[in-house]
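Below is one structure, written out as structure tokens, with a few remarks after it.
Protein chains: 2
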Amino acid sequence: MRYAPTHKEEARARLVEATGALAKQKGFSATGVDSLMAAAGMTSGAFYAHFRSKNELLESIVQNELRRSAQLFAAPTRAQALKVLKGYLSNAHVEHPESGCAVPALAPEIARAGASTQQVFEQGVAELQARFRDLVGDDAKAWALLAQLVGAVTVARALPPGASRGALLDGAARQVEQLLAAAPASESS
Amino acid sequence: MRYAPTHKEEARARLVEATGALAKQKGFSATGVDSLMAAAGMTSGAFYAHFRSKNELLESIVQNELRRSAQLFAAPTRAQALKVLKGYLSNAHVEHPESGCAVPALAPEIARAGASTQQVFEQGVAELQARFRDLVGDDAKAWALLAQLVGAVTVARALPPGASRGALLDGAARQVEQLLAAAPASESS
DNA sequence: GTCTATAGTAAGATAGAC
DNA sequence: GTCTATCTTACTATAGAC
Chain A
0 MRYAPTHKEE
10 ARARLVEATG
20 ALAKQKGFSA
30 TGVDSLMAAA
40 GMTSGAFYAH
50 FRSKNELLES
60 IVQNELRRSA
70 QLFAAPTRAQ
80 ALKVLKGYLS
90 NAHVEHPESG
100 CAVPALAPEI
110 ARAGASTQQV
120 FEQGVAELQA
130 RFRDLVGDDA
140 KAWALLAQLV
150 GAVTVARALP
160 PGASRGALLD
170 GAARQVEQLL
180 AAAPASESS
Chain B
0 MRYAPTHKEE
10 ARARLVEATG
20 ALAKQKGFSA
30 TGVDSLMAAA
40 GMTSGAFYAH
50 FRSKNELLES
60 IVQNELRRSA
70 QLFAAPTRAQ
80 ALKVLKGYLS
90 NAHVEHPESG
100 CAVPALAPEI
110 ARAGASTQQV
120 FEQGVAELQA
130 RFRDLVGDDA
140 KAWALLAQLV
150 GAVTVARALP
160 PGASRGALLD
170 GAARQVEQLL
180 AAAPASESS
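From first to last, the protein sequence lines stand for chains A and B. The first sequence begins at 0 in numbering that gives the first Met the number 0 and counts up by one. The second sequence begins at 0 in numbering that gives the first Met the number 0 and counts up by one.
Set out below in structure tokens:
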């Protein structure tokens, strides 16, 4: 064969990375296979050597993206985790979905995808929720924190830049602070 | 003319209603003009007698949907408003986007639409936030409540039916209760 | 494994009859 | 104002050369 044995998996990993960023930015179903592959420096013909369908790519993206997000929140110290939370509710995150969390960017498309996509999402969200549990101490508060973060970014992105967006992010940040203050860490400083 | 003078505005109102429900269910950009018009009992040719473009329809939908949502939360008594909040975080709302709130269903598409769509959304969200302010007493908490509701439904819809979805909705509901308890009503009981 | 080329379908929008 | 018919473009997916 003319390609190294590791070529395919490396190419696939690059594909999932590049198409994930584009999907988060422009929307998954709104982006054609041509554009997705172009973002990874290939043409659409090569797509089906890696994925059986476009929806199979979505599942790979969801898995890859949520794993990375969960790792971000698994910060070694509580102070670092708080910084990640602040960044989540920042204007930069709102304005740059391509390098941000996949949940606000892709959740509605996952909701309309098949059951297997939703199961992949459930696993990824479980990892995320587990990291939140480390921060707030109990399960229910961890779910509330997740919803608070995702809702704030979801709504902020649909608002035009301006005062209301800032007020929303600020209100969410205060609520997050309260969630963290109420339940002390189960983690080192 | 062969149509009553009120025909056009009535037809347009029906269009915005029917297409709004379909857009919330299947996604706006994922639904073709043919399907949208069929949902209102017409064919695609008639569409452009009412809207200059598909995006102009989205703006009308956003305006119409958010106004209705704001009215729902403007309940005469606090007890009734609490009931609407419970309904927002119910499994029924998660499973029936077509008759539910437009924010979790359409926010990402609004984020990717033009600036004028986002301004229409901002106005609608302002009405909603004002009703929440009546419930929780101050601005920041009202934004946090909005984010909590929207985030919970957004994530719940992407999860498969099951335990994690229930835990998420329950965690969000407890957080909402706390938001309402912390700030007493500025309204009659 | 990746390319070019293409099949087949569906999209947004317009034209002309009624 | 609504219809049928159509233009043009873009989509998902496949076929065959290299």
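The beta-carbon is built from N, C-alpha and C at its ideal position, and this holds for glycine as well.
Could you pull out every residue in the same chain whose Cβ sits closer than 7 Å to the Cβ of residue 128 (chain B), ignoring the five residues on either side in sequence? Sequence-distant Cβ neighbours of residue 128 (chain B) in its own chain, meaning closer than 7 Å and more than five residues away, are 141, 142 and 145.
Could you tell me how far apart the beta carbons of residue 63 (chain B) and residue 113 (chain B) are, in whole angstroms, since I believe they sit closer than 8 Å? Contact between residue 63 (chain B) and residue 113 (chain B) does not hold, since their C-beta atoms are separated by about 18 Å, which reaches or exceeds 8 Å.
Nearest by alpha-carbon distance to residue 60 (chain A): which of A:171, A:119, A:172 and A:89 is it? For residue 60 (chain A), the nearest C-alpha among the options comes from A:119.
Give the range of the alpha helix (DSSP H) segment to which residue 107 (chain A) is assigned. Where residue 107 (chain A) is concerned, the enclosing alpha helix (DSSP H) stretches over 101-110.
Check whether the Cβ atoms of residue 158 (chain A) and residue 121 (chain B) lie closer than 7 Å to each other. Yes, the Cβ-Cβ distance between residue 158 (chain A) and residue 121 (chain B) is below 7 Å.
Which parts of the stretch 35-83 of chain B are runs of the alpha helix (DSSP H), unbroken and 4 residues or longer, counting only runs that do not cross its ends? Counting only runs of 4 or more, we get 53-72.
Have a look at residue 77 (chain A) and residue 139 (chain A) and give me their C-alpha separation to the nearest angstrom. Whole-angstrom Cα-Cα distance: 19 Å.
Suppose you measure from the CA of residue 24 (chain B) to the CA of residue 30 (chain B); what does that come to, to the nearest Å? For residue 24 (chain B) and residue 30 (chain B), the distance between alpha carbons rounds to 10 Å.
Between the stretch 77-96 of chain A and the stretch 9-17 of chain A, do at least 3 Cβ pairs fall closer than 8 Å? No, because fewer than three Cβ pairs between the stretch 77-96 of chain A and the stretch 9-17 of chain A fall closer than 8 Å, the two stretches do not touch.
DSSP state of residue 161 (chain B) mapped onto helix, strand, coil: Here residue 161 (chain B) sits in coil by DSSP.
Please return the same chain residues whose Cβ sits closer than 7 Å to the Cβ of residue 58 (chain B), not counting the five positions on each side in sequence. Correct list, in chain order: 115, 116 and 119.
Just verifying my parser: in three-state terms, what is the DSSP assignment at residue 30 (chain B)? Secondary structure at residue 30 (chain B): coil, using DSSP grouped into helix, strand and coil.
According to DSSP, is residue 145 (chain A) part of a helix, a strand, or is it coil? Helix at residue 145 (chain A).
In terms of residue numbering, what span does the alpha helix (DSSP H) encompassing residue 91 (chain A) cover? If you look at residue 91 (chain A), you'll find it in the alpha helix (DSSP H) that goes 90-94.
Given residue 32 (chain A), which residues of its chain have a CB within under 8 Å of its CB, disregarding the five upstream and five downstream residues? Excluding residues within five positions, the ones whose Cβ falls inside 8 Å are 43, 46 and 53.
If residue 163 (chain B) and residue 125 (chain A) are in contact, beta carbons under 8 Å, what's the gap, nearest whole angstrom? The distance from the Cβ of residue 163 (chain B) to that of residue 125 (chain A) is about 7 Å, consistent with a contact at the 8 Å cut-off.
With 7 Å as the C-beta to C-beta threshold (strictly closer), list the residues of the stretch 155-185 of chain A near chain B in chain order. For the stretch 155-185 of chain A, which is checked against every Cβ of chain B, the residues closer than 7 Å are 156, 157, 158, 159, 163, 166, 167, 169, 170, 171, 173 and 174.
Just the Cα atoms here: how many angstroms apart are residue 26 (chain A) and residue 71 (chain A)? Straight-line Cα distance between these residues: approximately 23 Å.
Tell whether a beta-carbon distance below 7 Å holds between residue 84 (chain B) and residue 175 (chain B). Pairing residue 84 (chain B) with residue 175 (chain B) gives a Cβ-Cβ distance under 7 Å.
Would you please verify whether the beta carbon of residue 19 (chain B) is less than 7 Å from any beta carbon of chain A? No, because no Cβ of chain A sits closer than 7 Å to the Cβ of residue 19 (chain B).
Helix, strand or coil: which one does DSSP assign to residue 113 (chain A)? Coil, per DSSP.
With DSSP as the reference, label residue 2 (chain B) as helix, strand or coil. For residue 2 (chain B), the three-state secondary structure derived from DSSP is coil.
Give me the Cβ distance between residue 101 (chain A) and residue 68 (chain A), rounded to the nearest whole Å; I'm assuming they're in contact under 8 Å. Contact between residue 101 (chain A) and residue 68 (chain A) holds: CB atoms are separated by about 7 Å, below the 8 Å threshold.
What do you get for residue 2 (chain B), buried or exposed, if any count of 16 or more other CB atoms within 10 angstroms of its CB means buried? With fewer than 16 other Cβ atoms within 10 Å, it is exposed.
Classify residue 136 (chain B) as helix, strand or coil using the three-state DSSP reduction. In this structure, residue 136 (chain B) counts as coil in the three-state DSSP scheme.
Residue 79 (chain A) versus residue 21 (chain B): straight-line alpha-carbon distance, rounded: Near 43 Å, if we compare the C-alpha coordinates of residue 21 (chain B) and residue 79 (chain A).
Does the beta carbon of residue 13 (chain B) come closer than 7 Å to any beta carbon on chain A? For residue 13 (chain B), the answer is no, since every Cβ of chain A falls outside 7 Å of its Cβ.
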